[in-house]
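Engineer:
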Amino acid sequence: MESSWPSSSYDGIYQVTQHMASTQQSEGDYLSKDHFSSLPDRVHLDLKQNDFTDLLNIWDKWGATTRANFDRKYGHIARLLKVQVDEQLLKAIMQFWDPSYRCFVFNKVDMVPTIEEYSALLQIDLDNPDKIY
27 MESSWPSSSY DGIYQVTQHM ASTQQSEGDY LSKDHFSSLP DRVHLDLKQN
77 DFTDLLNIWD KWGATTRANF DRKYGHIARL LKVQVDEQLL KAIMQFWDPS
127 YRCFVFNKVD MVPTIEEYSA LLQIDLDNPD KIY
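Anchor point for the sequence shown: position 111 equals 137 in the numbering used here, and the numbering is continuous, going up by one each time.
Pasting the structure below:
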């Protein structure tokens, strides 16, 4: 299915969320009519934060030129090494995860942007396939 996302970017997140909600409401769901999702009553969630000490040490040893070259080729993926996972937040939002759609659903609206929506929100150049986001 072709995206209805316009090529020009929106002014704010409100307009993006309005566009996503109206598109789903006008075009409907994409699961087949006979699809049945059996969600368990209770889900056990174990979280583990990986140890990125070695990768952080490598990053810290690199000079500004090497880091800039890495960023130019792969984007700002290295910044994710310093992001701490909020375990309580993950546990709280799991109740909104729908495995059938593979996205979060709030008030019957799927909250998963398309590639075009991500590119507009994050100002990502889709023409550079080597970048990792």
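Using N, Cα and C, we set each Cβ at its ideal position, and we do this for glycine too. This one's a predicted model, so the numbers in the text were calculated from it and none came from an experiment.
(1) Going by beta carbon distance, what residues of the same chain come within less than 7 angstroms of C129, once the five residues before and after it are set aside?
(2) Straight-line CA distance for T79 to A104?
(3) Below 6 angstroms, is the gap between the Cβ of F132 and the nearest heavy atom of the ligand SAM?
(4) Alpha carbon to alpha carbon, how far is V42 from L115? Give it in angstroms, no decimals.
(5) For a test of the three-state rule: what should DSSP assign to D97, helix, strand or coil?
(6) How long is the line joining the alpha carbons of Q224 and W88, rounded to whole angstroms?
(7) Helix, strand or coil: how does DSSP classify W123 here?
(8) Just checking my contact of L106 with W85 at CB under 8 angstroms: how many whole Å lie between their CB atoms?
(9) Measure the C-alpha to C-alpha separation of M27 and Q51 and round it to an integer number of angstroms.
(10) How many Å lie between V109 and S48 at the Cα?
(11) Among all the DSSP beta bridges, which residues are the ones paired with D80?
(12) What does the alpha-carbon distance come out to for the pair V131 and Q121?
(13) Helix, strand or coil for V109, going by three-state DSSP, please let me know.
Structural biologist: Checking against the coordinates, here is how it stands:
(1) Counted from its first residue, the sequence shown places residue 129 at position 103. Cβ neighbours of C129 beyond the five flanking positions: D136, M137 and V138.
(2) The count along the sequence shown starts at 1 and reaches residue 79 at position 53. The count along the sequence shown starts at 1 and reaches residue 104 at position 78. Rounded to the nearest angstrom, the two C-alpha atoms are 13 angstroms apart.
(3) This structure lacks the ligand SAM, and indeed carries no ligand of any kind.
(4) On the sequence shown, position 89 is the one that residue 115 refers to. On the sequence shown, position 16 is the one that residue 42 refers to. If I take the Cα positions, the gap works out to 23 angstroms.
(5) Numbered from 1 along the sequence shown, position 71 holds the residue referred to as residue 97. Looking at D97 - three-state DSSP - the assignment turns out to be helix.
(6) Residue 224 is absent from the structure shown; the chain starts at 27 and stops at 159.
(7) Stepping through the sequence shown from its first residue, residue 123 is reached at position 97. Here W123 sits in strand by DSSP.
(8) Here the question's residue 106 lines up with position 80 in the sequence shown. Here the question's residue 85 lines up with position 59 in the sequence shown. About 11 angstroms separates the two Cβ atoms, so there is no contact after all.
(9) Counting from one through the sequence shown, the residue named residue 27 turns up at place 1. Counting from one through the sequence shown, the residue named residue 51 turns up at place 25. Any reading at M27 needs caution, since the residue's pLDDT is 41, under 50, leaving its predicted position unreliable; the model's value is listed next. Going from the Cα of M27 to the Cα of Q51 covers about 16 angstroms.
(10) Counted from its first residue, the sequence shown places residue 109 at position 83. Counted from its first residue, the sequence shown places residue 48 at position 22. Near 32 angstroms, if we compare the C-alpha coordinates of S48 and V109.
(11) Translated into the one-based positions of the sequence shown, residue 80 becomes position 54. Answer by DSSP bridge pairing: none, since D80 is not bridged.
(12) As a first step, residue 131 is located in the sequence shown; it is residue number 105 there, counting from the start. As a first step, residue 121 is located in the sequence shown; it is residue number 95 there, counting from the start. Taking the straight line from one Cα to the other gives about 9 angstroms.
(13) Locating residue 109 in the sequence shown gives position 83, where the first residue counts as 1. It is coil, neither helix nor strand.
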